[in-house]
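Numbering (our numbering), first residue to last: 13 to 283.
We put the beta carbon where it would ideally sit given N, CA and C, even for glycine.
It should be emphasised that the depicted structure is a prediction, and the values quoted were computed from it without experimental measurement.
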Amino acid sequence: MSIKESNFIKEMIKVINDMWIKGWDERNGGNVSYRLVKEEVEQYKKELRGERKIELFSELKELAGEYFLVTGTGKYFRNVILEPDVNLGIVRISEDGKSYTILWGFTDGGRPTSEFPAHLLSHIERMNVTEGKNRVVMHTHATNLIALSYVLDLTTENFTKQLWEMSTECLVVFPDGIGVIPWMIPGKEEIAIATAEKMRKHSMVLWPFHGIFGTGKNLDEAFGLIDTAEKAAEILVKVLSMGGKKQTISDKELKALAEGFGVKPLDGVLK
Ligand code: 13P
Ligand code: ZN
């Protein structure tokens, strides 16, 4: 069996196509990284190369030897299904954590997303807080979440609370809320550090006027998380367009919901 028929490549193609269909990933918008299990990748040893080595922006010892399946910079999500080996790549972080080698994909000379620093630093934080369970970081330009960043107060507590109120399942799906950072220049180390810092407490981070970062143990979970938040954001956009809330789920009800589902709401959101 060829690597193109592996479950991880098939799952990646499916989720990226779903994101495109959702309308979240115009042009080259969005990027996904998936930390692969060593044994899974090594089954395809014969197809792995390793001639291209690229220096990392910083020394990431925590990721030494890890394999990542990642989208390419400048690549269009709508084309991944057509040419996965051009638009995706598998890389392995070196043993000293200072560089990575391209093992598969990026066949036109491409390289990982410009947001790879934010992905890798977020992987480190999410691995720490989930005892290694989190393996996916997903960035996308989810339309309604971006729209709301122009009208809601840009605090973690406010954004989280507004979304929790928009659909009963939100608090259950993301009890740890959505971390909000200030606007920053994308693709740089500063935004990567700010994003990863929020990932210590939250499974999602909003980049105002740009998009969202979501994480999860697998591609379904990361996609489902963003999809849930984006759906709540769409409802809020509709509610605000209809003149605003006349009634909502109260803090008391949200607390009862959390208790009923055995989740702990992020501190400082509910009164
Ligand atoms: P890349 O094409 O480098 O992945 O960038 C897309 C993007 O969404 C930047 O934030
Ligand atoms: Zn982006």
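(message) Can you tell me which residues form a DSSP beta bridge with Lys65?
(response) Answer is Thr113, bridged to Lys65.
(request) Entirely within the region 145-205 and at least 4 residues each: give me those alpha helix (DSSP H) ranges in chain order. (result) Those alpha helix (DSSP H) runs which fall completely within the region 145-205 and span 4+ residues are 155-160, 168-176, 181-185.
(message) Can you list, in chain order, the residues of its chain with a C-beta nearer than 6 Å to that of Pro124? Leave out the 5 residues immediately preceding and following it.
(response) Taking C-beta separations shorter than 6 Å and ignoring five residues to either side along the sequence, the partners of Pro124 in its chain run Val82, following chain order.
(message) Give me the residue from Leu133, Lys283, His131, Met216 with the minimum Cα distance to Gly191.
(response) With respect to the C-alpha of Gly191, the residue from Leu133, Lys283, His131, Met216 having the closest C-alpha is Met216.
(message) Is it buried or exposed, Thr240, if we count other Cβ atoms within 10 angstroms and call 16 or more buried?
(response) Label assigned to Thr240: buried.
(request) Using a threshold of 7 Å, state whether the C-beta atoms of Ala245 and Leu160 are closer than that. (result) In contact: Ala245 and Leu160 (Cβ atoms closer than 7 Å).
(request) Would you kindly report the start and end of the unbroken alpha helix (DSSP H) that includes Val53? (result) Note, Val53: alpha helix (DSSP H), 50-54.
(request) Leaving out five residues on either side along the sequence, give the residues of the same chain with a beta carbon under 8 Å from the beta carbon of Glu267. (result) Checking the sequence shown, residue 267 turns out to be Lys, not Glu. Closer than 8 Å at the Cβ level, and outside the excluded window around Lys267, lie Pro277, Leu282.
(message) Measuring only from the beta carbon, is Gly226 closer than 6 Å to any heavy atom that is part of the ligand ZN?
(response) No heavy atom of the ligand ZN is found nearer than 6 Å to the CB of Gly226.
(message) DSSP three-state label for Pro96, please.
(response) Three-state DSSP puts Pro96 in a helix.
(message) Is Thr155 a contact residue of the ligand 13P, with contact defined as CB to any heavy atom under 6 Å?
(response) Not under cutoff, so the answer is no.
(message) Using a Cβ distance threshold of 8 Å, determine whether the region 42-51 contacts the region 140-158, with at least three qualifying pairs required.
(response) In short, these stretches touch, since the Cβ pair count reaches three.
(request) Decide if Phe273 is buried, meaning its Cβ has at least 16 other Cβ atoms within 10 Å, or exposed. (result) By the neighbour-count rule (16 or more Cβ atoms within 10 Å), Phe273 is not buried but exposed.
(request) Just confirm the distance between the C-beta atoms of Pro187 and Ala270, as a whole number of angstroms; I'd bet it's less than 8 Å. (result) About 7 Å; that satisfies the 8 Å criterion.
(message) Need the endpoints of the beta strand (DSSP E) that Met31 sits in, please.
(response) Here Met31 belongs to no beta strand (DSSP E); instead the alpha helix (DSSP H) covers 19-33.
(request) Go through its chain and collect everything with a Cβ distance to Glu143's Cβ below 6 Å, but skip five positions before and after it. (result) The answer is none, since no qualifying residue turns up.
(message) Below 8 Å on the Cβ atoms is my contact criterion, and I expect Ala208 with Glu137 to pass it. Report the Cβ-Cβ distance as a whole number of Å.
(response) Between the beta-carbon of Ala208 and that of Glu137 there is about 5 Å, and that keeps the pair under the 8 Å contact cut.
(request) Mind checking which residues open and close the alpha helix (DSSP H) that includes Phe128? (result) Start and end: 128-141.
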